[in-house]
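Everything below concerns the one structure shown next.
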Amino acid sequence: MSAVTELLAALKPRTAEMLAFVEQLVRLEAGSYDAAEVEKVGEALGARWKSLGFVEKRHPLEGRGPQRSFHFKGAGKGKVVILGHADTVWPAGSQPDWGFSSDGEFAYGPGVGDMKGGLAMAWFAVDALVKAKKALPAELVMVLVPDEEIGSVGSRKWIEDCVRDSDAVLVLEPTRPNGGVVIGRRAVGAIKAYYTGRSAHAAVNAAEGASALKAACRAVLALEALTVLPRELVVNVGILKSGAARQVVPHEAEMHVDLRAAYAEDLPKLEADVRAIIADTGDPRVTVRVEGGWSRPLFPETASKSLFALAEGFAKEIDAPIRGVVSSGGSDGSFAGALGRPTLDGLGPICYDTCSRREKIIIASLPERGAIFAALIQALAESQEGFPSPDLPAGIDVRPSEAA
30 MSAVTELLAA
40 LKPRTAEMLA
50 FVEQLVRLEA
60 GSYDAAEVEK
70 VGEALGARWK
80 SLGFVEKRHP
90 LEGRGPQRSF
100 HFKGAGKGKV
110 VILGHADTVW
120 PAGSQPDWGF
130 SSDGEFAYGP
140 GVGDMKGGLA
150 MAWFAVDALV
160 KAKKALPAEL
170 VMVLVPDEEI
180 GSVGSRKWIE
190 DCVRDSDAVL
200 VLEPTRPNGG
210 VVIGRRAVGA
220 IKAYYTGRSA
230 HAAVNAAEGA
240 SALKAACRAV
250 LALEALTVLP
260 RELVVNVGIL
270 KSGAARQVVP
280 HEAEMHVDLR
290 AAYAEDLPKL
300 EADVRAIIAD
310 TGDPRVTVRV
320 EGGWSRPLFP
330 ETASKSLFAL
340 AEGFAKEIDA
350 PIRGVVSSGG
360 SDGSFAGALG
370 RPTLDGLGPI
380 CYDTCSRREK
390 IIIASLPERG
400 AIFAALIQAL
410 AESQEGFPSP
420 DLPAGIDVRP
430 SEAA
C-alpha cells in the first residue's frame, strides 16, 4: 500500500470527527475585525496542535487577533511551513440566520471552505502521520494569520520571516471545484482616494461649491480604461461614496480601486498611472489624498512546479481530481512564492462559491485532500534528494494595503 493510500485509509473512518471539528470552527464567528472571535479560533486550534507536541509562539497584533505559530522538531529533513488564517470575510452576527449545516454530501456555513475546512483537515492530516509513527520534517511549523482576509496588512513581515528559510510552504486555501490547486497568483493592489472639495447649496450658491464627487467621477472612466484583459491588467473602481443631501454640492468623496497584474514589469507603471489619474481633479479647489498600492506580490509558477508534481502523483494514486491553476486572487501564499520558496496553494477541501452565502465543501474531500496533504509532508520529510529550491529572484517589493 502506497503512502497516500495508507493515509487515506486512516483518514476516511475519521470523516465524522473531521466534520465535527469543522463545525466547531465555523460556529466561532471570526470576522477579521473581531479580534476576540479570531482569538477563539486560535485557541481551539492551539489546543489541538499542542496535543501533538507542538510548541506555540504568539505575537500580539493591535486591533486584531494574535499572530500564532506552532512548532515541532521532527526526525525527518527540512523545514515545512503550513500556512493558514484564522479570520473569515464574515462579520459577527452571520450565525443566527446562516450557521453550520450539512446534508451528507456538503457542509455549509460562513468560512466553511475559506478556510475552516482546511484548518481542520491539516490537523487531522498531521495527526494521521503521528499515529502512523511517520517521521515529521526537522522543523514543521503551522502559521495562523489573524488578518488575511483584509490583506494581512499587519502580518506580512511576520509571515515573510516565518517562511523565508523554509524548504516548502503548503497553503490551506480551498481546492477549486475542478480539483484545481493554485500554482501561481497574480499581483493584487488596493488604492483608496479621499477627495475634499467645498460644500454649497447646489441652486442658491452653486458657484461657491467645489464637488469632490465630480472630481472622483472624472477619474472613474479613465481608471477603468487602464484595464487590458489580454494582458491580465485589471483596474476596477469597486466603491465610490459621497454626498450628504441631494441639494448640496458634496465636499467629500471616497473611492476604492482594485488592481490586478500578471507581469512584474507592469506593476510600477500601472500604479503610477492610477495615481496620476486620481491626482488630476479638474478643479484646483478639490484636493485628494491617496493611500495604498500593491498589497500582494506576484507568486510565480516556477515556485510551485516541484511540489505540484508531487501532489499530482499522490492525487492520481487515489483517483482524486487535480489540476494546476493560476489565480487572479491573492493569498498569504503570494508572499512565500514571491520570496522564491517552493509553495503550493489551495490544498484544503474542495469548495464551491467561496466568500458567498452559498459557500460549501464536499465532505468526502476532507479525508481525500487530507491524505494528499499528509503525503506531501511525509515525502518532504523523507526526501533523499534534498528539497526543491528554484533559483528565483525575490518578488517586487510592494507595500501592504487592505486587499483580499
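With our numbering applied, the sequence shown corresponds to residues 30 to 433, in that order.
The beta carbon of each residue, even a glycine, is placed where N, CA and C say it ideally should be.
- Beyond the five residues adjoining it in sequence on each side, Glu253 comes within less than 8 Å, by CB distance, of Val264, Asn265 and Val266 in the same chain, given in chain order.
- Annotation for Val159: Leu81 place their beta carbon closer than 6 Å to its own, counting only its chain and skipping 5 residues before and after.
- If you look at Gln96, you'll find it in the beta strand (DSSP E) that goes Gln96 to Phe101.
- Under the 10 Å beta carbon count, Leu199 is surrounded by 16 or more other beta carbons and is classified as buried.
- No Cβ-Cβ contact shorter than 7 Å links Glu178 with Ser98.
- DSSP, read as helix, strand or coil, puts Ile351 in coil.
- In this structure Gly103 is in contact with Ala164, their Cβ atoms being roughly 6 Å apart against a cut-off of 8 Å.
- Excluding sequence positions up to five before and after Lys389, its CB lies within less than 6 Å of the CB of Phe135, Tyr137 and Tyr381, all in the same chain and listed in chain order.
- Under the 10 Å beta carbon count, Asp156 is surrounded by 16 or more other beta carbons and is classified as buried.
- A direct Cα-to-Cα measurement between Ala149 and Phe50 gives close to 6 Å.
- Secondary-structure assignment with DSSP links Asn265 through a beta bridge to Asp287.
- Taking 7 Å as the cut-off, the Cβ atoms of Ser240 and Val110 do not count as close.
- For the 7 Å CB-CB criterion, Thr256 and Arg398 do not form a contact.
- With 16 or more other CB atoms across the displayed protein chains lying within 10 angstroms of its CB, Met284 is buried.
- Shown here, Leu201 sits in coil according to DSSP, grouped into three states, outside any helix or strand.
- Sorting Thr372, Arg304, Ile306 and Val317 by C-alpha distance to the C-alpha of Phe337 places Thr372 at the top.
- Judged by pairs of C-beta atoms under 8 Å, the segment 210 to 217 touches the segment 320 to 333, as three or more such pairs exist.
- In this structure, the CA atom of Leu258 is about 12 Å from the CA atom of Ser357.
- The beta-carbon distance between Leu37 and Ala344, rounded to whole angstroms, is 11 Å. This is too long to meet the 8 Å contact definition.
- With a beta-carbon spacing of about 22 Å, Pro350 and Arg43 fall beyond the 8 Å limit used to define contacts.
- Around the Cβ of Met47, a 10 Å sphere holds 16 or more other Cβ atoms; the residue is buried.
- A contact is defined here as three or more CB-CB pairs under 8 Å, and the segment 285 to 293 meets this definition with respect to the segment 220 to 229.
- The Cβ atoms of Ala59 and Thr117 sit closer than 7 Å to each other.
- In the DSSP annotation of this structure, the continuous segment of the alpha helix (DSSP H) that includes Ile188 starts and ends at Arg185 to Val192.
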